[in-house]
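Have a look at the structure below before the remarks.
Number of protein chains: 2
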Amino acid sequence: MRKIKEVIKAIEDLDRGMMEKAQKKLDFLTKPQGSLGRLEELAKQLTGIKRTFDIKLKNKVIFTFASDHGIAEEGVSAFPQEVTAQMVYNFISGGAGINVLARHVKARVVVADLGVKETLKTESKNLKIKKIGFGTKNFAKTKAMTKKQAQLSIAAGIEIFEEEFSAKGRSAPGEEKGIDIAGIGEMGIANTTPASAIAAAITGAKVRDITGRGTGINDKALKHKIKIIEKALLLHKPDKDDAIDVLSKVGGFEIGGLAGVILAAASRKVPVVVDGFISTAAALIAYKLEPKTAQYMISAHSSVEKGHKIMLKYMNLRPLLNLDLRLGEGTGAALAMSLVEAGVKIMNEMATFENAGVSNKE
Amino acid sequence: MRKIKEVIKAIEDLDRGMMEKAQKKLDFLTKPQGSLGRLEELAKQLTGIKRTFDIKLKNKVIFTFASDHGIAEEGVSAFPQEVTAQMVYNFISGGAGINVLARHVKARVVVADLGVKETLKTESKNLKIKKIGFGTKNFAKTKAMTKKQAQLSIAAGIEIFEEEFSAKGRSAPGEEKGIDIAGIGEMGIANTTPASAIAAAITGAKVRDITGRGTGINDKALKHKIKIIEKALLLHKPDKDDAIDVLSKVGGFEIGGLAGVILAAASRKVPVVVDGFISTAAALIAYKLEPKTAQYMISAHSSVEKGHKIMLKYMNLRPLLNLDLRLGEGTGAALAMSLVEAGVKIMNEMATFENAGVSNKE
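These protein sequence lines are chains A and B, in that order. Using the working numbering, read the first sequence as starting at 3 and increasing by one per residue. Using the working numbering, read the second sequence as starting at 3 and increasing by one per residue.
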């Protein structure tokens with residue numbers, strides 16, 4: 003198993019030289035320079051990550067990690083806690099939103115149990131069991147998890163990524179790699195609460211500016227949620243520059259796992275499409291462990307959760323889609339993957355001014 | 003050939019009853035209500051348009067219409083006028099941005115010459131020649147076209163739509179229809195100028211608040227472009243409530259043609275994805291002829307051209323994508339078609355709370 007430190011050490015800056023070459027390539031295509039906006043940026047970023055123009059995006063993998071949260075007992079969610087496990091069954095039988103959208107963009111979904119409260123009863127090969135615990139503890143009262151568990155959750159994410167990355171038989175003949183582009187998403191009743199706490203702890207923004215309605219709580223419950231988070235931050239005093247400390251005090255197992263996926267992806271030169279609010283909290287953890295990871299991230303969409311913008315700004319990321327999504331699971335990431343693919347195709351399939359015999363700008 | 007009046011008469015309001023049923027269907031799916039935001043809206047709109055849940059989006063057709071503009075001689079564009087014809091050749095040989103993105107979403111591109119300045123030399127079946135003239139006149143000096151030509155351009159758009167709509171052999175066996183969803187796009191050097199003039203004439207907004215840099219003119223050229231449009235509006239005094247008057251005085255043949263496509267699509271209960279700035283000016287013309295057309299429109303993306311927002315607001319439309327696109331051709335429409343498809347799949351493929359055994363909100 004690759005250790006967290008090893009993985010972090012393997013993360014390099016993007017290849018600026020290749021990105022400049024990509025820019026030149028884009029500028030000779032039959033369109034006004036820059037007129038395909040963010041699609042061109044994506045093509046450049048992917049070239050910088052992969053260090054080649056021959057970019058394959060055949061193996062699209064969405065990691066949807068599930069876990070439960072002790073904080074749910076504070077009544078911070080509109081849904082009962084058993085929904086986490088129920089939704090995992092839904093994921094593995096293909097009926098959830100992420101399954102539909104992953105099929106739409108021809109991605110596969112890797113579902114993992116990082117810490118669901120109950121023992122899941124299934125023999126499906128579509129579920130990876132990597133339990134760090136049976137749900138976190140209620141961080142209104144005590145730390146969500148131990149430091150060791152925080153590290154184990156990140157390591158589990160790395161392990162799951164590596165299993166898929168080196169999976170044979172999935173990719174084209176001659177190709178060794180099983181992941182060309184990754185996406186991250188999650189399921190965990192109450193998990194906008196740890197995500198908000200992580201966001202406030204790391205960015206330093208006020209809890210009330212970060213915290214939203216999650217799956218749809220009312221005004222009273224929202225006030226309560228804010229108070230719970232404020233108190234927890236006062237109680238635990240997480241160190242904003244120690245991501246493991248933040249994760250252990252107010253985080254979640256699936257959040258740690260997704261941070262691990264990001265670290266592993268960056269170390270393997272694989273771009274990662276980050277879904278919404280909770281996935282972006284995981285991205286913050288990865289970013290604090292190694293800021294270079296942000297170069298590998300693509301923010302999928304602007305979540306309805308208001309703190310999302312604050313986290314994205316902290317990492318200097320700009321979301322691609324603005325579709326009022328607030329489901330999670332990786333649904334926005336799936337849609338955004340198709341845009342990344344579009345950007346790469348633009349760079350590689352469009353005619354140049356010269357080839358098409360089109361006059362350039364006067 | 004269907005006459006414009008006939009087509010307009012055939013346009014009906016969406017089926018509100020079916021839309022309510024779609025909303026109920028969406029609310030029983032395994033997700034917090036409304037959490038898939040705009041994807042859910044799209045599913046509802048499509049159900050209202052098609053009056054069935056059995057929505058097929060197999061035949062995706064993008065209409066990319068080209069034409070030249072007399073106003074180009076005022077130096078309002080960064081590119082020389084011959085680029086219009088050159089780009090038509092690029093479209094039919096498959097090397098332009100729209101070709102790449104249409105392939106990406108599995109749409110076909112129907113290219114038509116509504117008024118390119120030169121006689122296009124090609125025997126390609128991929129180009130429809132429906133010339134209304136060899137470019138419009140310079141509307142800084144005289145009307146862009148006659149009223150008759152304005153009507154003919156709209157009629158040509160209707161005709162092109164109908165040819166594709168009834169095309170046999172393209173669709174699945176037993177299906178009569180050749181278009182399940184339409185998109186509109188355009189090519190015409192200098193055509194942000196007529197589009198800006200139409201927008202100002204119809205919405206009443208100030209020319210300087212509407213007019214942008216098109217393919218990339220500098221500050222001086224932008225000032226000049228604004229002055230040209232202001233003077234033209236004073237000269238011609240187009241009647242904002244008479245779309246044919248506006249189109250003939252400051253419009254373009256491809257813009258009239260695309261307005262015709264929208265009218266025809268709405269009359270046939272086919273949704274139309276409207277690309278960027280110029281396509282939205284065409285949508286304004288269609289909207290003024292029959293406001294019900296807006297119910298069939300889907301705004302693809304928010305253009306970099308600043309007047310775009312003003313036009314969308316006038317028709318109460320909200321763009322789906324915000325990718326800093328400013329190419330036209332239907333490129334944004336192609337990308338948005340994939341989102342429409344995603345919305346329909348969500349409605350029809352996701353499991354319900356009951357089927358999946360998932361507990362609903364407390």
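C-beta: ideal position from N, C-alpha, C; glycine also. From a predicted model like this one, the values you see are computed outputs, not experimental measurements.
| Query | Result |
| --- | --- |
| Beta carbon of Val360/A nearer than 8 angstroms to that of Thr32/A | yes |
| Residue-chain proximity (Phe55/A, chain B), Cβ-Cβ < 8 angstroms | no |
| Beta-carbon separation (whole angstroms), Ala344/A vs Leu59/B, contact threshold 8 angstroms | Actually they do not touch by this definition, with Cβ atoms about 18 angstroms apart. |
| Supposed close pair Ala142/B, Ala234/B - CB separation, criterion 8 angstroms | 5 angstroms |
| Cβ of Ile280/A within 8 angstroms of any chain B Cβ | no |
| Inter-residue spacing [alpha-carbon to alpha-carbon] between Val63/A and Ala283/A | 20 angstroms |
| Within-8 angstroms CB hit, Glu232/B to chain A | no |
| Cβ neighbours of Gly176/B in the same chain (closer than 6 angstroms, five flanking residues each side left out) | Only weak support exists for where Gly176/B lies, its pLDDT of 45 falling under 50; the value from the coordinates is given anyway. Closer than 6 angstroms at Cβ, skipping near neighbours: no residue. |
| Test item: CB-CB of Ala335/B and Gly117/B under 8 angstroms | no |
| Gln153/B at chain A interface by Cβ criterion, 8 angstroms | no |
| Buried versus exposed call for Gly19/B [16 or more other C-beta atoms within 10 Å across all chains shown] | exposed |
| Cross-chain neighbours of Val360/A in chain B, by beta carbon under 7 angstroms | Val85, Gln88, Met89 and Asn92 |
| Contact set for Asp15/A: own chain, Cβ-Cβ below 8 angstroms, skip 5 residues either direction | Lys294 and Gln297 |
| Selection from Ser95/A, Gly259/A, Val112/A and Ile219/A that minimises the alpha carbon distance to Gly135/A | Gly259/A |
| Separation of Val209/B from Asn140/B, as counted between CA atoms | 18 angstroms |
| Local conformation of Leu329/B per DSSP, three classes | coil |
| Coarse secondary structure for Leu59/B, derived from DSSP in three states | coil |
| Minimum length 4: unbroken alpha helix (DSSP H) runs contained in the stretch 260 to 315 of chain A | 279 to 291 |
| Whole-Å CB distance - Arg40/B paired with Asp277/A, under 8 angstroms assumed | Not confirmed; about 16 angstroms, so no contact. |
| Ser69/B, DSSP secondary structure in three states | strand |
| Within chain B, the residues that Ala344/A reaches when beta carbons sit closer than 7 angstroms | Leu103, His106 and Leu337 |
| Whole alpha helix (DSSP H) elements within the stretch 164 to 248 of chain A, 4-residue minimum | 194 to 205, 209 to 212 and 221 to 238 |
| Residue burial classification, Thr49/A (beta-carbon count within 10 angstroms, cutoff 16) | buried |
| Chain-order list of residues whose beta-carbon lies under 7 angstroms from that of Glu164/A (same chain, five-residue window excluded) | Arg4 and Ala266 |
| Cross-chain neighbours of Asn324/B in chain A, by beta carbon under 7 angstroms | Asn324 |
| Whole-angstrom distance between Val263/A and Asp17/A, CA atom to CA atom | 21 angstroms |
| Chain-order list of residues whose beta-carbon lies under 6 angstroms from that of Ala80/B (same chain, five-residue window excluded) | Thr217, Gly218 and Ile219 |
| Lys130/A vs Val112/A beta-carbon contact at 8 angstroms | yes |
| Cβ shell of Ala358/A (< 7 angstroms), same chain only, five flanking positions each side left out | Thr32 |
| Separation of Lys145/A from Arg215/A, as counted between CA atoms | 23 angstroms |
| Assigned secondary structure, Ala157/A (DSSP; H/G/I helix, E/B strand, else coil) | helix |
| Under 7 angstroms by beta carbon: chain B residues contacting Pro395/A | This structure cannot settle anything about residue 395/A, because the visible part of chain A is limited to 3 through 364. |
| heavy atom of the ligand PLP below 7 angstroms from Ile10/A C-beta | For the structure depicted, the ligand PLP is absent and the ligand set is empty, with no information on it obtainable. |
| Coil, strand or helix - Arg110/A by DSSP | strand |
| Contact check, Val85/B vs Ile183/B, beta carbons under 8 angstroms | no |
| Alpha carbon of Glu178/B to alpha carbon of Glu166/B, nearest angstrom | Since pLDDT at Glu178/B reaches only 46, below the 50 mark, its modelled position is unreliable, and the value read off the structure follows with that caveat. Computed Cα separation, rounded: 11 angstroms. |
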